[in-house]
Amino acid sequence: MSLNDSWMQRDLAVLWHPCTQMKDHEQLPLIPIRRGEGIWLEDFDGKRYIDAVSSWWVNVFGHANPRINQRIKDQLDQLEHVMLAGFSHQPVIELSERLVALTPPGLERVFFTDNGSTGIEVSLKMSFHYWRNCGRLTKQRFVTLTNSYHGETVAAMSVGDVALFTDTYKPLLLDTFKVPSPDCYLRPEGVSWEEHSRTMFAHMEQTLAEHHEEIAAVIVEPLIQGAGGMRMYHPIYLKLLREACDRYEVHLILDEIAVGFGRTGTMFACEQAEITPDFLCLSKALTGGYLPMAAVLTTDKLYQAFYDDYSTLRAFLHSHTYTGNPLACAAALATLDIFEQDNVIEANKALAARMASATAHLADHPNVAEVRQTGMAVAIEMVADKASKTPYPWQERRGLKVYQHALERGALLRPLGSVVYFLPPYTITEEQIDFLAEVASEGIDIATRAAASVTVAPGAPVNFHDPG
Ligand SMILES: Cc1ncc(COP(=O)(O)O)c(C=O)c1O
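To convert, count from 1 in the sequence shown and add 64; that's the numbering used here.
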């Protein structure tokens, strides 16, 4: 028995994996990873895979990055953890100062949690609580876009709209307003991204106009709806949204958990719209992909609405045990150093251009409806019929065929439904980008040539994406 098989068997005897139908592993081998180095992951049998999706969008400077490793090792000898209520420490203070300096002007306070979903919970609870503290008791509801994803906890699911993840739990969810997404994949032929995004804003304007007295906040993923299939839109939508939120006295929450830290071509996506949100949620690449941590940044105005005598009960009494963990802060500080010292945002422009040129030919593929890109994210949408953009039935799991082919060829490409995408670490080379494009082209050929593998029952839901 190979080492991979032996670890796989031990794993499958005791683990329950995230976002996985465990029965799939009767056919689909689980891959135990022994080590990572740079863009590579290596399994126990010595096979190597390019991490083309940055291990669920977190790893920006490669695995076992010497600079991040060293910073964590140094921190480990000083302080591994202390609770953050009543206590503080150097890395959390330095990290907060740097985040305030780095993010758009007006964001002056940082609240830490330990993953993206809990960061979202904090922004929703803070917004709701702010309006209560201001005596605006009717402002209790949230507005979100169709096809959004904001995490897996119950309130985060409530503001999400990817049916695969939320449908089962509907009876548990908050009642939110869902406004049609500005998703430019759905724009009419001949219409620009900007025009389409602007036109789609009318739905948001109408919801805010009619319901603003009930609404605490609007929450969106700026520029890229990640788990919803890497659907993209134009920054004009964010500009219009900021103006409308101001006009209607509604908070704007930007979830940059997936897109923050350079993914869209700027350090933060909201820079492209030149706006400051009321809440900015960061996580994933914040620690370079090393340790779980999220940061919610907000304004001094918001902070002041909670600042009072204890007995007024205006305080935000929310906590997570590992809030502000010093090792995670050290990883984040090292990550920010690399952004600064290596001029990463500028250097990424050449890589993004190569991602565009390497994948451009796929637009002519008979079963590819679109190749789209925003900065360091490229997505290729496979369809059953190109002219009408008819999707493959989700039950056929075409993306899984691309995944399996890519693994054989030494790449970790994990599609979202029928959307193949690259979200690589920024340490990828141009040659490695070319290799990924080659593997993706082969995988798409194989996946789209395969005969339909299932009969789809009439009335079955159509808007499911396989998990990414
Ligand atoms: C946009 C967005 N928000 C929130 C989350 C949830 O983050 P976490 O998985 O750390 O809870 C994700 C995770 O993929 C995400 O993409």
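Heads up, the beta-carbon is just placed ideally off N, CA and C, and yes, glycines get one too.
As a quick exercise: from the options, pick the residue whose alpha carbon is nearest that of residue i.
i    : options                : result
P235 : F125, P246, A219       : A219
T399 : L477, M331, A511, V432 : M331
A501 : R461, A422, V435       : A422
M221 : T202, S347, G183       : G183
A411 : F229, I492, A349, M72  : I492
H315 : G293, T362, I508, H298 : T362
E172 : V226, A394, P341       : P341
D373 : F192, R135, N197, D231 : N197
Q270 : R311, L238, L287, Q468 : R311
Y485 : L159, P82, G463, P130  : G463
T177 : V408, V360, M65        : V360
A443 : C248, K87, L67         : C248
H276 : E445, Y456, Q204       : Q204
L188 : L476, T210, A280       : A280
L237 : E216, L250, R251       : E216
C393 : S383, L148, G290       : L148
Q405 : T84, L79, F125, R98    : F125
Y54  : M440, F108, E313       : The chain is shown only over 65 to 532; residue 54 falls outside these bounds and no answer can be derived.
E144 : N389, L476, I508       : N389
D509 : F499, L426, Y297       : L426
P430 : F206, K450, L344       : K450
E460 : T438, A511, G150, E506 : A511
M446 : M294, D69, V146        : M294
Does at least one heavy atom of ligand 1 sit under 7 Å from the Cβ of residue i?
i    : result
D247 : no
In this structure, how does DSSP classify residue i when only helix, strand and coil are distinguished?
i    : result
L426 : helix
K111 : coil
T512 : helix
M440 : coil
V314 : coil
I409 : helix
Q73  : helix
M357 : coil
H81  : coil
I402 : helix
T559 : Shown here, the chain extends from 65 to 532; a query on residue 559 therefore has no answer.
I283 : strand
D231 : helix
F528 : Below a pLDDT of 50, predicted positions are generally treated as unreliable, and F528, at 48, falls in that range; the measurement from the model is reported next regardless. Coil.
M331 : coil
C393 : helix
R378 : coil
M86  : helix
E161 : helix
M221 : helix
L67  : helix
V226 : coil
G507 : helix
T351 : helix
C345 : strand
F176 : strand
I300 : helix
L237 : coil
E320 : coil
F370 : coil
Q91  : coil
R205 : strand
E106 : strand
R99  : strand
R200 : coil
Confirm the yes/no value for this check: CB of residue i, any heavy atom of ligand 2, distance under 7 Å.
i    : result
I339 : Judged by which ligands are present, ligand 2 is missing from the structure shown, whose ligands are ligand 1.
Is there a Cβ from chain D that is less than 8 Å from the Cβ of residue i?
i   : result
W71 : Absence of chain D from the displayed structure is noted, only one protein chain being present.
Neighbouring residues (CB closer than 5 Å to any heavy atom of ligand 1): Qualifying residues, in the order they occur: N179, G180, S181, H214, G215, E285, G290, D319, I321, A322.
Inside the stretch 108-150 only - beta strand (DSSP E) runs reaching at least 3 residues: The stretch 108-150 contains these whole beta strand (DSSP E) runs: 112-115.
Ranges of the alpha helix (DSSP H) found wholly within the stretch 434-502, counting only runs of at least 4: Within the stretch 434-502, the complete alpha helix (DSSP H) segments at least 4 residues long are 462-473, listed from N- to C-terminus.
Length-filtered (4 minimum) alpha helix (DSSP H) runs lying within the stretch 241-287: Look at the stretch 241-287 and you find these whole runs of alpha helix (DSSP H), each 4 residues long or longer: 257-275.
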